[in-house]
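The structure appears below as structure tokens.
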Amino acid sequence: MAILKKYTQVDTEDVIYQSRPVIASIIIMGGLFGLIVSIGISVSFGAADIDMGTVWSSIVQYNDELTSHQIIQEIRLPRVLGAALVGACFAVSGSIMQGITRNPLADSGLLGLNAGAAFMLAISFAFFPGMPYMYIIFFSFAGAALGAGLVFGIGSMTRGGLKPVRLVLAGAAVSALLIALSEGIAIYYRISQDLAFWHAGGVSGTKWENLEMVAPLVIVAFLGAMSLSKSITIISLGEEIAIGLGQRTKKIKFFLAIIVLILAGIGVSIVGAVGFVGLIIPHITRFLVGHDYRWIIPCSAILGGLLVVLADFGARMINPPLETPIGALIALLGVPFFLYLARKGGEEI
12 MAILKKYTQV
22 DTEDVIYQSR
32 PVIASIIIMG
42 GLFGLIVSIG
52 ISVSFGAADI
62 DMGTVWSSIV
72 QYNDELTSHQ
82 IIQEIRLPRV
92 LGAALVGACF
102 AVSGSIMQGI
112 TRNPLADSGL
122 LGLNAGAAFM
132 LAISFAFFPG
142 MPYMYIIFFS
152 FAGAALGAGL
162 VFGIGSMTRG
172 GLKPVRLVLA
182 GAAVSALLIA
192 LSEGIAIYYR
202 ISQDLAFWHA
212 GGVSGTKWEN
222 LEMVAPLVIV
232 AFLGAMSLSK
242 SITIISLGEE
252 IAIGLGQRTK
262 KIKFFLAIIV
272 LILAGIGVSI
282 VGAVGFVGLI
292 IPHITRFLVG
302 HDYRWIIPCS
312 AILGGLLVVL
322 ADFGARMINP
332 PLETPIGALI
342 ALLGVPFFLY
352 LARKGGEEI
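Residue numbers (my numbering): 12 to 360.
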């Protein structure tokens with residue numbers, strides 16, 4: 012036991028030492044500045060371009076008689092803030108999943124959470140039309156839990172345990188099943204047009220009331236993730252090491268799983284089944300700041316928000332006034348990144 016404690020103390024100190032707090036601080040400050048600038052540019056440009064001065068005046072001195080102010084306040088600003096919120100949700104949920112499962116391919120989209128949330132949204136649209144947005148959020152939570160449960164249940168039944176690629180294969184199979192079921196429901200109940208938005212991904216329908224409902228949940232989830240960030244760092248070293256350091260791994264993983272379901276469910280309820288944000292951002296963040304989750308989580312939130320804001324901006328500017336699905340743009344980055352990770356870890360998997 013003494014040897015184990017000595018070994019685990021050295022490993023933990025090595026992880027903390029390998030973290031880069033100076034770089035992390037630069038990323039946080041620079042990322043926040045870049046996010047604010049990106050939000051301003053995204054709000055300014057669109058079907059009707061609006062200068063930055065008008066954008067600023069609409070925020071500090073809103074005049075409901077001016078059409079430009081109405082466009083900014085009622086359409087563009089909630090949309091862009093929703094994109095930033097969704098990016099942060101997916102990125103933080105992905106970083107937590109990769110940390111507690113020690114699976115470099117973990118992502119809410121790849122492991123069935125997004126497809127499960129979309130499936131439950133199809134059920135809510137078909138059987139409970141006109142449902143308040145708050146109930147839609149809870150349906151998303153339930154769907155994310157359903158997708159994750161099926162994936163990990165199927166993955167645990169395979170010989171050799173929960174290896175990364177096997178989990179991803181189980182996630183692909185479960186996602187295909189749930190998407191097929193949701194599309195069947197959409198066709199039978201004639202809600203294909205409503206559901207198409209959630210499969211393609213987009214924030215065009217985001218409203219202030221949506222953000223007001225989900226913002227408190229997101230803040231609580233982020234605070235919970237930060238409070239458990241040191242435990243995530245220790246668990247990422249391995250189950251035996253974490254237990255040797257006195258971590259109650261089952262209890263911690265339970266609370267972290269709830270946080271992941273909240274973040275993934277909220278993300279899907281706003282933007283739809285967009286994948287790869289939670290795969291790309293945590294890897295980039297770990298490469299930049301090290302393996303200390305006290306820095307990974309806040310940096311991932313900022314970089315994830317920046318990615319989705321830029322993707323939304325690109326979606327509107329590629330072929331205006333039509334919009335390209337955000338999910339398609341992010342997949343252009345995510346698929347090669349996924350193939351790189353799968354090839355890199357192929358011998359271990």
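Just so you know, even glycine gets a beta-carbon here, dropped at the ideal spot from N, CA and C. Given the structure is predicted, the values throughout are model-derived calculations rather than measurements.
- For I82, the enclosing alpha helix (DSSP H) starts and ends at T78 to I82.
- Annotation for A95: L46, I50, G316, L317, V319 and V320 place their beta carbon closer than 8 Å to its own, counting only its chain and skipping 5 residues before and after.
- Annotation: the continuous alpha helix (DSSP H) that includes T296 extends over V288 to V300.
- Shown here, F266 sits in a helix according to DSSP, grouped into three states.
- Within the same chain, Cβ atoms closer than 8 Å to the Cβ of G42 are found at C310, I313, L314 and L317, the five residues on either side in sequence being excluded.
- One alpha carbon belongs to I190, the other to E85, and they sit about 32 Å apart.
- Between G286 and G120 a beta carbon distance of about 2 Å is seen, short of the 8 Å cut, so the two are scored as contacting.
- Between the segment 117 to 134 and the segment 144 to 154, the count of Cβ pairs shorter than 8 Å is three or higher; the stretches touch.
- When Cβ pairs closer than 8 Å are counted between the two stretches, the segment 184 to 203 is seen to touch the segment 134 to 149, the count reaching three or more.
- Shown here for F348: same chain residues with a beta carbon closer than 8 Å to its own, the five before and five after excluded, namely F287, L290, I291 and H294 in chain order.
- The DSSP-derived three-state label of K241 is helix.
- Under the criterion of beta carbons closer than 8 Å, S242 and I308 do not qualify as touching, at roughly 12 Å.
- When secondary structure is reduced to three states using DSSP, F139 falls in the coil class, being assigned neither helix nor strand.
- Around the beta carbon of D303, a 10 Å sphere encloses 16 or more other beta carbons of the protein chains shown; the residue is thus reported as buried.
- Taking 3 residues as the minimum length, the segment 87 to 132 contains no beta strand (DSSP E) run wholly inside it.
- Per DSSP, A59 lies in no alpha helix (DSSP H) and is assigned neither H nor E.
- For A187, the closest of P227, G127, V48 and Q204 by C-alpha to C-alpha distance is G127.
- For A284, there is no enclosing alpha helix (DSSP H), since its DSSP letter is neither H nor E.
- Between G123 and G158, the beta carbon gap of about 3 Å places them in contact (Cβ cut-off 8 Å).
- By the Cβ test, the segment 90 to 109 is in contact with the segment 265 to 279, since at least three Cβ pairs between them sit closer than 8 Å.
- Between I148 and S238, the gap from beta carbon to beta carbon reaches 8 Å or more.
- Around the beta carbon of L161, a 10 Å sphere encloses 16 or more other beta carbons of the protein chains shown; the residue is thus reported as buried.
- Separation of the CB atoms of Y146 and N221 is rounded to 13 Å, and the pair is thereby denied contact status at 8 Å.
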